[in-house]
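Read the structure below first, then the notes.
Protein chains: 2
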Amino acid sequence: MPDDEGWTLPEVAVAVDLAVLTVHDGALQIMLVKRGIPPYEGMLALPGGFLASTEEDLDVAAARELQEETGLHAKDLHLEQLRTYGTPGRDPRRRVITVCYLGFSPNLPEPAAGGDASEAVLMPVDKVLRPRAAVAFDHKKIIADAVERARSKLEYTTLAAAFCGPEFTVTDLREVYEIVWGETLDPRNFHRKIMSVPGFLVPTGERVSRQAGRPAAVFRRGPATILHPAMLRSS
Amino acid sequence: MPDDEGWTLPEVAVAVDLAVLTVHDGALQIMLVKRGIPPYEGMLALPGGFLASTEEDLDVAAARELQEETGLHAKDLHLEQLRTYGTPGRDPRRRVITVCYLGFSPNLPEPAAGGDASEAVLMPVDKVLRPRAAVAFDHKKIIADAVERARSKLEYTTLAAAFCGPEFTVTDLREVYEIVWGETLDPRNFHRKIMSVPGFLVPTGERVSRQAGRPAAVFRRGPATILHPAMLRSS
DNA sequence: GCTCATTCTCGTCAATACGACGAATATTTT
DNA sequence: AAAATATTCGTCGTATTGACGAGAATGAGC
Numbered sequence: 018m019p020d021d022e023g024w025t026l027p028e029v030a031v032a033v034d035l036a037v038l039t040v041h042d043g044a045l046q047i048m049l050v051k052r053g054i055p056p057y058e059g060m061l062a063l064p065g066g067f068l069a070s071t072e073e074d075l076d077v078a079a080a081r082e083l084q085e086e087t088g089l090h091a092k093d094l095h096l097e098q099l100r101t102y103g104t105p106g107r108d109p110r111r112r113v114i115t116v117c118y119l120g121f122s123p124n125l126p127e128p129a130a131g132g133d134a135s136e137a138v139l140m141p142v143d144k145v146l147r148p149r150a151a152v153a154f155d156h157k158k159i160i161a162d163a164v165e166r167a168r169s170k171l172e173y174t175t176l177a178a179a180f181c182g183p184e185f186t187v188t189d190l191r192e193v194y195e196i197v198w199g200e201t202l203d204p205r206n207f208h209r210k211i212m213s214v215p216g217f218l219v220p221t222g223e224r225v226s227r228q229a230g231r232p233a234a235v236f237r238r239g240p241a242t243i244l245h246p247a248m249l250r251s252s
Numbered sequence: 018m019p020d021d022e023g024w025t026l027p028e029v030a031v032a033v034d035l036a037v038l039t040v041h042d043g044a045l046q047i048m049l050v051k052r053g054i055p056p057y058e059g060m061l062a063l064p065g066g067f068l069a070s071t072e073e074d075l076d077v078a079a080a081r082e083l084q085e086e087t088g089l090h091a092k093d094l095h096l097e098q099l100r101t102y103g104t105p106g107r108d109p110r111r112r113v114i115t116v117c118y119l120g121f122s123p124n125l126p127e128p129a130a131g132g133d134a135s136e137a138v139l140m141p142v143d144k145v146l147r148p149r150a151a152v153a154f155d156h157k158k159i160i161a162d163a164v165e166r167a168r169s170k171l172e173y174t175t176l177a178a179a180f181c182g183p184e185f186t187v188t189d190l191r192e193v194y195e196i197v198w199g200e201t202l203d204p205r206n207f208h209r210k211i212m213s214v215p216g217f218l219v220p221t222g223e224r225v226s227r228q229a230g231r232p233a234a235v236f237r238r239g240p241a242t243i244l245h246p247a248m249l250r251s252s
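Spelled out as structure tokens, the structure:
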């Protein structure tokens, strides 16, 4: 019983970590930072850190760490809670439980080049998840969970658009799906499916032609958040 | 920077709470306990409590609190992490963040009657979620999240069977869906859909007739965990 | 024992969604 | 001008779903 006499509150440190994904250079990439201090000094880790005070909300701490360590602003991306990791021993210093957030970021113009976050880097997730890759703490497991959650969310939500800029084409969106899922999709069937979801895409009326070929219509995100029926992966 | 000098670890208490759902008396019900101590003394709350020690894993703490407060054993039900709640002020005593678990329990023979957990009660979720209902802390919000997660999980997993006993009929399973979703389903289409998912149901070869009418075939849970394609709600 | 209501199970039919792919359109490239 | 490329529209066959008819196998009432 927690409130019995003779029982003292276990000293547990609370941290937040962020798994911010983005589609860049034709690959699903994740924002990582090089650790400047022990433990795991010099290794790659998720951006994150301990609560700043007893009064700091979890979402606020996540936004603050994101800004401090990567220079990104929470309002520019979609952030949601992923899950909480708290196995004893996951941090060698002391007991730490970390509330992890999953972020979807549009392709960044200059991802953390210069500025506050000199040690932030973007890495392809398949590189980070390779058996040999060295990642601090249990962050490889967290990244794997984040990627699987992201893949799954694309199936039944409109979150794929969170990987695109404010204006994008159907092909941009299809490439997000193809890169995140690691499979190719038929452009014609994809176009039909996406356009049949009311409120997913709002046409701007403009067109762009980025390579050869017929120019594509330009869209913005619509109000829809769920895909019904879902767009399922082949597996 | 967490590791600067002059910075001290904020004192945050870590708790676990459990939202254990079950289908009972034709309604979706949740396991609650009557609080014996302040704050919110005498009010209904989710079973849960603080970590017992710095070394206790979150899952272990959840299983322990479940046993202590309701008499249920974690091995008898499906438990998974729901999400973590940590808004400052959610507990008037001190800063508390709570890692919440969602549980699916089969209909219990004697739900917490006597035994360790004299104060455990089963309550219909629509009663608990009514605007007037008094629930301790932010637990009403947690319960609402738990119910929505459960409803959603029935769509694309085989977890509905976790609400049934070890042996059950297709109608038992359909009633779980109907009660959790709050909508009626066509028995014939449901039967077809369920039976077409490989590995969902394993026939025992037996039959039961519980009321009038043709006796129903009896099944056990199969190895399948996901429903593909999903069984979507009408909304 | 016979009839009837009840419930489980199988089957049918139309509407819808999806995978595969042909073809028209509107550009850039050569 | 011709070829190549990418976007968009349309068609066809198949799988899945929703609505519902009907047979099978029981209990309840007489």
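These protein sequence lines are chains A and B, in that order.
Here the first sequence is numbered in our numbering, starting from 18 and rising by one per residue.
Here the second sequence is numbered in our numbering, starting from 18 and rising by one per residue.
No residue lacks a Cβ here, since even glycine has one placed at the ideal position from N, Cα and C.
Small disclaimer: the values here were computed from a predicted structure and weren't measured.
Beta-carbon to beta-carbon, Y173 (chain B) and L244 (chain B) are separated by about 5 Å, close enough to satisfy the 8 Å threshold. Beta-bridge pairing by DSSP links L49 (chain A) to A:V138. R147 (chain B) carries a coil assignment under DSSP once its states are collapsed to helix, strand and coil.
Look at F154 (chain A): its C-beta is not under 8 Å from any C-beta on chain B.
If you check the CB distance, I159 (chain A) and D34 (chain A) come in under 8 Å. Contacts between S70 (chain A) and chain B, judged by CB atoms closer than 7 Å, involve P27 in chain order. In this structure, the beta-carbon distance from V138 (chain A) to V164 (chain A) does not fall below 8 Å. For T221 (chain B), the three-state secondary structure derived from DSSP is strand. When rounded, the separation of the alpha-carbon atoms in E200 (chain B) and L99 (chain A) is 30 Å. Annotation for G216 (chain A): G239, P240 and A241 place their beta carbon closer than 6 Å to its own, counting only its chain and skipping 5 residues before and after. Across the set A:G88, A:P246, A:S251 and A:I114, the C-alpha of A:P246 shows the shortest separation from the C-alpha of S251 (chain B).
When DSSP reads this structure, G65 (chain B) sits in a beta bridge with B:D34. For T101 (chain A), the nearest beta carbon of chain B is closer than 8 Å to its own beta carbon. Taking 7 Å as the Cβ-Cβ cut-off, the region 89-117 of chain B approaches chain A at Q98, R100, T101, G103, T104, P105, R112, I114 and V116, given in chain order. In this structure, D74 (chain B) lies away from P27 (chain A), with their beta-carbon atoms at least 8 Å apart. Contacts with chain B at 8 Å (Cβ-Cβ) include L249 (chain A).
Taking a Cβ-Cβ threshold of 7 Å, the residues of chain B close to P246 (chain A) are L249, in chain order.
The beta-carbon distance between T188 (chain B) and A233 (chain B), rounded to whole angstroms, is 6 Å. This is short enough to meet the 8 Å contact definition. Taking C-beta atoms as the reference points, V219 (chain A) and F207 (chain A) fail to come closer than 8 Å.
Judged by DSSP in its simplified three-state form, I54 (chain A) adopts coil rather than helix or strand. DSSP places I243 (chain A) outside any alpha helix (DSSP H), giving it a letter other than H or E.
V40 (chain B) and S122 (chain B) have their alpha carbons spaced roughly 8 Å apart.
Annotated three-state conformation of A178 (chain B) is helix, per DSSP. Assignment of A80 (chain B) by DSSP, reduced to helix, strand and coil, places it in the helix class. When the beta-carbon positions are compared, L68 (chain B) and V29 (chain A) come within less than 8 Å of each other. Legend: CB atoms of the region 43-71 of chain B lying less than 8 Å from CB atoms of chain A belong to residues I54, G66, F67, L68, A69, S70 and T71. Within chain B, the residues placing a beta-carbon under 9 Å from that of A30 (chain A) are P19, L26, P27 and V29, ordered along the chain. Shortest Cα-Cα distance from E195 (chain A) to any of A:P183, A:G182, A:F185 and A:L171 involves A:L171. T87 (chain B) and Y118 (chain B) have their C-alpha atoms some 14 Å from each other. With a threshold of 16 other beta carbon atoms within 10 Å, L125 (chain B) meets it and is buried.
Contact between L89 (chain A) and A153 (chain A) is ruled out by a C-beta separation of about 20 Å, above the 8 Å threshold. Chain-ordered, the chain A residues with CB closer than 9 Å to the CB of L75 (chain B) read T101, Y102, G103, T104 and I114. In the DSSP assignment, S251 (chain A) falls outside any alpha helix (DSSP H) and carries neither an H nor an E. Closest option to Q46 (chain B), judged by alpha-carbon separation, among B:D203, B:K210, B:L63 and B:Y102: B:L63. Here Y118 (chain A) is bridged, per DSSP, to A:L35 and A:Q98. Going by beta carbons, T101 (chain B) and T101 (chain A) fall inside the 8 Å limit.
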